[in-house]
Amino acid sequence: MNILDICTHKVAMLERNETVQQAAKLMKQHHVGDVIVISKSDGQNKPLGILTDRDIVVDLIANDVDLNSVSVGDCMSDDLMTVREDADIADTMKEMSHRGVRRAPVIATDGSLCGILSMDDMIEVSSNMMRDMSALIYREQACEELKHQRH
């Protein structure tokens, strides 16, 4: 299993010249907390940055900034952590934790955007693994008990 198997493939995205108001509407429409800021190059979407709902609230609304007067490119986080689609899940989880990143665009080998990975995705995978390990322990105990009953 790799990142492409667990990431969300439908990504809310805008180009850098769009307004923050448009970004907020897109987040609401897609029920997400972020938009990936992209540039379109050779028919591909290349991630440039990310704008989160928290960025909008903490950096703009709290400072009384008119959301229609600010472009997404003006306030996006451009220190972007991207993840290759074939990356290892455990290594990616460590890197996200190390950098304090909750969301990361997933890119194909050519650098084009193919999904977004969130900490929620990682928690779901981790909890499923824990559930499977717990089931294994229970199953092993049940098999041992059955074996003892036969003898």
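Position in the sequence shown counted from 1, then plus 23, gives you my numbering. For every residue, glycine included, the Cβ atom is placed at its ideal position computed from N, Cα and C. Here the structure is a predicted model, which is why all the values come from computation and not from measurement.
Which residue or residues does DSSP assign as beta-bridge partners of residue i?
i, result
"Asp57", "Thr75"
"Asn151", "Answer is none; Asn151 lacks a bridge partner."
"Lys69", "Ser62"
Hey, could you find the ends of the beta strand (DSSP E) residue i is sitting in?
i, result
"Glu38", "Met36 to Glu38"
"Ala127", "Arg126 to Ile130"
"Cys137", "Leu136 to Ser141"
What distance in whole Å lies between the Cβ atoms of residue j and residue i, which are believed to be in contact at a cut-off of 8 Å?
i, j, result
"Leu136", "Arg126", "Wrong, their Cβ atoms sit about 13 Å apart, outside the cutoff."
"Gly134", "His32", "Contact flag wrong, Cβ pair sits at about 17 Å."
"Ser64", "Glu38", "Not a contact, Cβ separation roughly 11 Å."
"Ile26", "Glu108", "6 Å"
Need the endpoints of the alpha helix (DSSP H) that residue i sits in, please.
i, result
"Asp28", "Ile26 to Ile29"
Count Cβ pairs between the segment 85-98 and the segment 111-127 that sit closer than 8 Å; are there 3 or more? Pairwise C-beta distances place the segment 85-98 out of contact with the segment 111-127, as fewer than three of them are shorter than 8 Å.
Using 8 Å as the cut-off, can you tell me whether the segment 77-96 makes contact with the segment 41-49, which would need three or more C-beta pairs spanning the two stretches below that distance? With the cut-off at 8 Å, the segment 77-96 and the segment 41-49 touch.
Quick one: complete alpha helix (DSSP H) runs, 4+ long, within the segment 74-124? Every unbroken stretch of the alpha helix (DSSP H) spanning 4 or more residues and falling wholly within the segment 74-124 is given here in chain order: 95-98 and 112-122.
So, do the segment 72-85 and the segment 148-155 have three or more beta carbon pairs nearer to each other than 8 Å? Taking 8 Å as the limit for Cβ pairs, the verdict is that the segment 148-155 does not touch the segment 72-85.
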